[in-house]
Amino acid sequence: MDSLLAARLQMSVSLGFHMIFASLGVGMPLLMLMAEGLYLRRRDPHYLVLARMWSRVTAIVFAIGAVSGTVLSFELGLLWPRFMEVAGPATGPAFTLEGFAFFTEAIFIGLYLYGWNRLSPLAHWLAGIPVAISGAASSILVVAANAWMQNPVGAAVLQAQPAAFDPIAALFRNPAWPVMAVHSTLATYAATGFAVAGVYAWAALRGYRDEVRRRGLRLAMAVATVSALLMPVTGDTSAKFVARNQPVKLAAMEAQFETERAAALRLGGLPDPEERAVRYAIEIPGMLSWLAFGDTAAEVPGLDRVPRAQWPNVTVTHLAFQIMVIAGMLMVLASAWYGWVAWRRRGRVLEDRRLMWGLVAAGPLGMIALEAGWVVTEVGRQPWIIRGVMRTSEAVTPAGGVVSTLVASTLLYVLLGVALVWLLRRTGHGPDTGAGEPAEAAASGRGTPGRATAGPAPAGRNAGPERVRGELRG
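Here you go:
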């Protein structure tokens, strides 16, 4: 295995794991903040139980994400030194600001966790706002750096007259940045919402149908539904931007080998780059032209416009794009199903076993869509690490030993993944307990919230508000 392949595999593994940690780190603070906000507004103590539970999860994913993100920052410098040399003036401010967002989040997570019963209720809730904002800001700032790699605004000035280069304008006036930032942020919220909903649905199937979990599922699905319904809109905007600015990537996404008018949209299919054909696809005539340019007769550039050496991996890009779209459609359907059952049953959804099984199945869809979307983003840009400026092969380190670091980093990320699952189960959010000990026990004082107790909660029995208040005071 040569250094280039090993370095690319290492970044793929690292980013694949980190994306899961980071998406939970963006989504969980929002759920935590919503739960405590509803407690303050309605004085419903079940929401306070949720806020306490979710604050512990937020702390765990923040800690795991900090470790995985630190490893990634070292990998950028060690594996891609030429990239950092060329792109540093452009991407450096984004990473610097992301560092400020990280430390802001760390400070306010500490205030939030240790502020229970020490700050006034309103002050405590306000301390959670910077946690949610900083988590999202970190993600958005990293996306700003990636957007410059996709659409390197000012790269010619940077190479010719470095002193005249304006990094802030290059990053934040880059038209790729808002498109990518909004779509990816919604994707992280959808991924978190469906993951949390899947956990509560699994708990309901095991007989845990108390009021804490009922509200937890409702909040998670509210975030998941809003995000899932907005993502097709932002995804369409993103695809139109790619069509105008990265036609080679669009051609790879749609396996469009030949330039043609009234280009068909392909559903599914297996690309054959050697034959320049797509097998087993369902084609809708003119639909790709209309989606990309708003005209069914518009010309869509194909891969024939560029030399074969500049093609990305068409098979991987096309299949990842199809997986992302299918996962997104299934999330919309799951949201609609949940909404219909909630309306029909007046919110008593935990008793509908078919819906609960559906939400368990939908639980990983957000993460699958998120991972597949980033595969499209990164693989579709190849062979460039900075589109049109630097090839990936030019940026890789000439030093040896990359295979060894690949093995070491893979083991580290697997260990971090195992640690995350173990810690979440200890916290009480694993699939065995759904949201900690049976909420009946937590509400009645038979234990401490977040620690599993023996025996399932009787199905359908609700935690009384007075019992919840008593436990919280204890």
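Read in order, the letters of the sequence shown are residues 91 to 564 in this note's numbering.
Glycine included, each C-beta is placed from N, C-alpha and C at the ideal position.
L320 places its beta carbon less than 8 Å from that of L276. Within its own chain, the residues whose Cβ lies closer than 7 Å to the Cβ of S145, once the five positions on either side in sequence are excluded, are M122, Y202, L203, listed in chain order. Secondary structure at D394: helix, using DSSP grouped into helix, strand and coil. For S113 and A196, the gap between their C-alpha atoms comes out near 16 Å. In the DSSP assignment, the residues bridged to D362 are A367.
One thing to note: I475 has its Cβ no nearer than 8 Å to the Cβ of A489. Below 8 Å, enough C-beta pairs join the stretch 168 to 186 and the stretch 247 to 259 to call them touching: three or more. The Cβ-Cβ distance between A235 and A184 falls below 8 Å. In this structure L120 is in contact with Y279, their Cβ atoms being roughly 7 Å apart against a cut-off of 8 Å. Taking the C-beta atoms as reference points, Y428 is found no nearer than 8 Å to L460. For the stretch 168 to 198, there is no continuous beta strand (DSSP E) assignment of 3+ residues that stays within its boundaries. If you check the CB distance, G159 and H108 come in under 8 Å. Per DSSP, reduced to three states, the secondary structure at E165 is helical. Looking at the backbone, the Cα of A388 and that of W380 are separated by about 7 Å. With a minimum length of 4 residues, there is no unbroken run of alpha helix (DSSP H) contained wholly in the stretch 280 to 325. Distance from E350 to V390 at the Cβ level is roughly 6 Å; contact confirmed, criterion being Cβ atoms closer than 8 Å. Distance from V116 to A226 at the Cβ level is roughly 5 Å; contact confirmed, criterion being Cβ atoms closer than 8 Å. About 17 Å separates the beta carbons of A96 and V504, which is beyond the 8 Å limit, so they are not a contact pair. Each of S229, M480, S483, F193 was checked against the Cα of L105, and the nearest Cα belongs to S229. Going by C-alpha positions, A310 is about 47 Å away from P397. Judged by DSSP in its simplified three-state form, W380 adopts helix. Rounded to the nearest whole angstrom, the CA to CA distance from F111 to G325 is 23 Å. Secondary structure of R481 (DSSP, three-state): strand. Taken through DSSP and simplified to helix, strand or coil, R434 comes out as helix. For M343 and V404, the gap between their C-alpha atoms comes out near 7 Å.
The beta carbon of T500 is closer than 7 Å to those of V103 in its chain, skipping five residues each way along the sequence.
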